[in-house]
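Everything on this sheet refers to the single structure shown next.
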Amino acid sequence: NLIDFKNEKIAIKIDVERHEKNVLDGMINILNKNKIIIQIELFEERKREIFDYLEKNNYIHFHTIKKDYYFKNF
Numbered sequence: 003n004l005i006d007f008k009n010e011k012i013a014i015k016i017d018v019e020r021h022e023k024n025v026l027d028g029m030i031n032i033l034n035k036n037k038i039i040i041q042i043e044l045f046e047e048r049k050r051e052i053f054d055y056l057e058k059n060n061y062i063h064f065h066t067i068k069k070d071y072y073f074k075n076f
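Residue numbers for the sequence shown follow my numbering, beginning at 3 and rising by one.
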């Protein structure tokens, strides 16, 4: 949240080896104030937690390629 974007269109790729929740928590203002597409690599043991978190924040899962999951909020 060091950068204060508002009403922007942003694409984000997250590949942080099991630290996805920390990354998402750290950018929650960006996630909520902009139109975002997220590509996030998830291992099975974290998948449900991250899906729930993103869905709670109005993100829709729209595509999957292997372990990469795509979400958007618009």
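Every residue, glycine too, gets a C-beta built ideally from N, C-alpha and C.
For the set I5, H21, K15, I40, the Cα lying nearest the Cα of N59 is the one of I40. Looking at the DSSP output, I39 bridges to A13, K74. By a beta-carbon distance limit of 8 Å, E47 does not contact D17. Their separation comes to about 16 Å.
Counting other Cβ atoms within 10 Å of its Cβ, I67 stays below 16 and is therefore classed as exposed. Leaving aside the five residues that flank F76 on each side, the residues in its chain whose CB is nearer than 6 Å to its CB run, in chain order, K37.
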